[in-house]
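Quick note on numbering: our numbering labels position 65 of the sequence shown as 274, and the sequence is numbered without any gaps.
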Amino acid sequence: AELLHLAGNAARHNKKRRIVPRHITLAVKNDEDLNRLLNGVPGGSNGPTRREYSTYIYKVLKQVHPDTGISEEAMIIMNSFISDLFE
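Encoded structure:
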């Protein structure tokens, strides 16, 4: 939820109503804890054995930023991030 909140703030700051990958990058780089946690972690691929978290990500996004959407590319990144956390 924290990453979605920060990415949503980055989108709003850039006067956008949809989170794109750049907003996720800005959120991570501007947050000391997330930056330390994710420093040097390569982007994952969404393989066939990975669990799909898109529904949950979307529900959390609507709780923290009800008027903000998320692009398909940003959803893939968030899904990969959540999958990596639980592996």
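We put the CB at the ideal spot given by N, CA and C, even for glycine.
Here the structure is a predicted model, which is why all the values come from computation and not from measurement.
DSSP, read as helix, strand or coil, puts arginine 227 in strand. Ranked by Cα distance from asparagine 218, the first of Asp242, Gly278, Tyr265 and Ser263 is Gly278. Rounded to whole angstroms, the separation of the alpha carbons of tyrosine 262 and serine 280 is 15 angstroms.
For alanine 216, the enclosing alpha helix (DSSP H) has its first and last residue at 211–222.
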